[in-house]
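Participant:
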Amino acid sequence: MRVLLIATNRHDRLQSRMNAQPMPIGLAYIAGHLDHDRHEVKVLDLMFSEDHLTDVENAVKEFQPQMIGMSVRNLSNHSYMNTIWALPISKEVIDRIRSVSDAVIVCGGPAFSILPKECYEFLGADLGLAGDAGETFAALADSLEIGEPDYHSLPGLVYRKDGQVHQNEGYCVSAFAQSPRLEDLDMARYNKAGFGIGILSKLGGFYYPANASQAQINESGWRVIRPIDEVVAEVKDMKERFGMKKVFFVDNGFNLPLEHAKSLCRALIDSDAGVRWNTCLAPFNCDKELISLMKEAGCGLVMMTNRSGNPDDIASMDEENDALLEVCRMCEEGDLHYNIGKIFGEPGETRETVEHKLDFLRSINPAMANLRVGVSVMPGTEVALAAKREGLIKDENELVKPTFYIADGVKDWIVDYLKEQTDQNPRWNLS
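So this note's numbering is basically just the index in the sequence shown, starting at one, shifted up by 60.
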């Protein structure tokens, strides 16, 4: 069967300021899990396309796929100041496909997995897969090829039956046993673009909010740690095959658990991999030894984002800030550059808490500080509950569109005030 895989992400900015064109690593894993002796597979990546809809139409007409898998990376760019809703791009792609093909369209990816039924309805796909879907997509392709109807029992499958949208219990789970097919992507351009080529250092977790607490992370149960020798081997292989100069370890908490992070750094040092890399650091559970090892292993920049505790409770904010400040000082003393994010407008925010956050930012020396106006509301969070209580949304299914919570106590003046503050500091960015 002919299978066309499409990466629909075209957003190429990080924090509305930095050039960053992330490689579609998830779609590359999907391609790697397909049986290439059984299926003819083509990958279309729209990141660098100058006319993406024409490119989609031409690819479909030329390849004549029977099944099309679409990766939906983002719901939005999560920026209040320059909001971009990403789903309409994927919807346009599907509409263009429908105009020239009757192929079965299957949607998945990180954004789709946040609100699977809602994304499915909006996009108008034939099927959807929620979760890490490497093995599941491959099984679905095999079933569709032989006309087997049993695929409806697959976990995480979203489909329409009798006019209603259904989602099977559970989510797709992948062991990432097959290597990603990076040769199907324009690796030369990704090597020059932005933040580095992505490598998974831990697995699972299609939705991990950047503002999650340590307790939420520990209780989530989704973290699956890749063997360190696999990660190092992948780094060396990518460098040898594609001349890779920089990588990004895809992990919202590289330092969780701490000893695993240290072991990975030591392995990178011992392997003489010789690459530069960036990652995300949880603003807790860190020590000076890790920072030193990260620096020696080639880390050039870490990103940190945190909520500031409960703005109703200055003592709670101070406790969160003290932990974050300790990590920032470690980075500064270890000469490891870091970016940091602060959210303004959380539930309970006041002028006093805003000043408290700004004072904190003035006390540190990041490469860049990203001041985010409002909380980008995500389903299943405390902010989503507050948004419902206060009438911002009626139901969480509305969160398929960009929605921002800004506390009433600061709503009327926070944007203008933060503009004044960022204008005074070239390393501060407002988004």
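The beta carbon of each residue, even a glycine, is placed where N, CA and C say it ideally should be. These numbers come from a predicted model, not from an experiment.
Taking Cβ to Cβ, would you say Cys179 is nearer than 8 Å to Gly191?
Facilitator: No, Cβ-Cβ distance for Cys179 and Gly191 is not below 8 Å.
Participant: Counting only beta-carbon separations shorter than 8 Å, does Gly230 have a partner in chain B?
Facilitator: Absent from the structure: chain B. Only one protein chain is present.
Participant: Would you report the Cα separation of Ala446 and Glu409, rounded to the nearest angstrom?
Facilitator: Answer to the nearest angstrom: the Cα atoms are 13 Å apart.
Participant: Indicate the three-state DSSP secondary structure (helix, strand or coil) for Lys306 in the structure shown.
Facilitator: Of the three classes helix, strand and coil, the one that applies to Lys306 here is strand, per DSSP.
Participant: Quick one, which of His99, Gly451, Glu415 has its alpha-carbon nearest Asp378's?
Facilitator: The shortest Cα separation from Asp378 among His99, Gly451, Glu415 belongs to Glu415.
Participant: Decide if Pro148 is buried, meaning its Cβ has at least 16 other Cβ atoms within 10 Å, or exposed.
Facilitator: Exposed.
Participant: The ligand ATP and Ser139: does any heavy atom of the ligand fall closer than 7 Å to the residue's C-beta?
Facilitator: As for the ligand ATP, it is missing from this structure, which has no ligand bound.
Participant: Could you tell me the boundaries of the alpha helix (DSSP H) in which Lys471 lies?
Facilitator: Unbroken run through Lys471: none, as it is neither H nor E.
Participant: Flag this pair as touching only if the region 242–255 and the region 223–233 have three or more C-beta atom pairs under 8 Å; answer yes or no.
Facilitator: Contact fails: fewer than three Cβ-Cβ distances are below 8 Å.
Participant: Which residues bound the alpha helix (DSSP H) around Ala444?
Facilitator: Ala444 -> alpha helix (DSSP H) spans 442–449.
Participant: In whole angstroms, what is the alpha-carbon distance linking Val386 and Arg286?
Facilitator: For clarity, residue 386 is Glu in the given sequence; the question names Val instead. Between Glu386 and Arg286, the C-alpha separation is close to 28 Å.
Participant: Ala342 and Leu316 look like a contact to me (Cβ under 8 Å); what is the Cβ gap, rounded to whole Å?
Facilitator: At roughly 5 Å, the Cβ-Cβ gap stays under 8 Å, so Ala342 and Leu316 are in contact.
Participant: With distance defined between alpha-carbon atoms, name the residue in Ser331, Leu214, Leu361 nearest to Phe309.
Facilitator: The shortest Cα separation from Phe309 among Ser331, Leu214, Leu361 belongs to Leu361.
Participant: Between Glu392 and Asn345, how many whole angstroms is the CB-CB distance? I'm expecting something under 8 Å.
Facilitator: The pair is not a contact, with the Cβ atoms about 18 Å apart (cut-off 8 Å).
Participant: State the Cα-Cα distance for the pair Leu183 and Asp382, rounded to the nearest angstrom.
Facilitator: Near 44 Å, if we compare the C-alpha coordinates of Asp382 and Leu183.
Participant: For Asn399, does the three-state DSSP call read helix, strand or coil?
Facilitator: Reduced to three states, the DSSP call for Asn399 is strand.
Participant: Quick check: the region 106–119 against the region 451–458, are at least 3 beta-carbon pairs closer than 8 Å?
Facilitator: The region 451–458, when compared against the region 106–119, does not touch it at the 8 Å Cβ threshold.
Participant: Between Pro176, Gly86, Gly256, which lies nearest to Val295 when the distance is taken from Cα to Cα?
Facilitator: Of the candidates Pro176, Gly86, Gly256, the one whose C-alpha sits nearest the C-alpha of Val295 is Gly256.
Participant: So His416 is in the alpha helix (DSSP H); what residue range does that whole segment cover?
Facilitator: Unbroken alpha helix (DSSP H) run through His416: 411–422.
Participant: With the cut-off set at 8 Å, would you say Ala146 and Leu64 are in Cβ contact?
Facilitator: Taking 8 Å as the Cβ cut-off, Ala146 and Leu64 do not qualify as a contacting pair.
Participant: Which residues mark the beginning and the end of the alpha helix (DSSP H) in which Met61 is found?
Facilitator: Element bounds for Met61: n/a, residue is neither H nor E.
Participant: At the level of alpha carbons, what is the spacing between Lys471 and Thr441?
Facilitator: One C-alpha to the other measures close to 21 Å.
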